[in-house]
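A short worksheet on the structure shown next.
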Amino acid sequence: ETFMTILHNVPTEVVLPAKGNAELLATIKDDIGAVLTAFDDLDVEGAKASSPTDEVHVKNLIQQTSSFAVVNFKVRDHLTGVVKDVIGRYLAGQESEPNDED
12 ETFMTILHNV
22 PTEVVLPAKG
32 NAELLATIKD
42 DIGAVLTAFD
52 DLDVEGAKAS
62 SPTDEVHVKN
72 LIQQTSSFAV
82 VNFKVRDHLT
92 GVVKDVIGRY
102 LAGQESEPND
112 ED
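Counting from 12, one number per residue, gives the positions in the sequence shown under the numbering used here.
Okay, here's the thing in C-alpha cells:
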C-alpha cells in the first residue's frame, strides 16, 4: 500500500490508537536504540506479503517503476513524521505518560 501511495503521490496519514501511541512513546523513552534499529532494518525487498502472488507482483512493480531504495527511503521518511508527531504531542502535554494499566 505504501508503495502505491508513493507511486501515485497520494498523501497518507498513520493513525495510531491511544494504546499504540502510548507503546511507541514508551519505546522511544525506554529504548530509542530499538526505534533506530527498526528504522535501519526496514527492507521492502525482504518484506513478505500474505499472498505470494501479491508479493511478486508488488516487488516487480517497484523494480519497474522505482527502486527498493527509493521506497525504503519514502517509508522511513513517512514513519519519521509519525514518530516526530508522537514526541511533539507528548512534549506539548497532549499525550499522557503510559502507565501499567494501559
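A virtual CB, placed ideally from N, CA and C, is assigned to each residue, including glycine.
Bear in mind that the values here come from a model prediction, so they are computed numbers and not experimental data.
Quiz item: Does DSSP put E34 in a helix, in a strand, or in coil?
Solution: The count along the sequence shown starts at 1 and reaches residue 34 at position 23. Correct three-state label for E34: helix.
Exercise. Pick helix, strand or coil for N20, following the three-state DSSP scheme.
Key: Indexing the sequence shown from 1 puts residue 20 at position 9. Here N20 sits in coil by DSSP.
Quiz item: Around the C-beta of N71, are 16 or more other C-beta atoms found within 10 angstroms, so that it is buried, or is it exposed?
Solution: Position 60 of the sequence shown holds residue 71. Exposed, because fewer than 16 other Cβ atoms sit within 10 Å of the Cβ of N71.
Quiz item: So what's V55 in DSSP terms, helix, strand or just coil?
Solution: By 1-based counting over the sequence shown, the position of residue 55 is 44. Three-state DSSP puts V55 in coil, outside helix and strand.
Quiz item: So, helix, strand or coil for G156, using DSSP?
Solution: Past the boundaries of the shown model lies residue 156; the chain is included only from 12 to 113, so the question cannot be answered.
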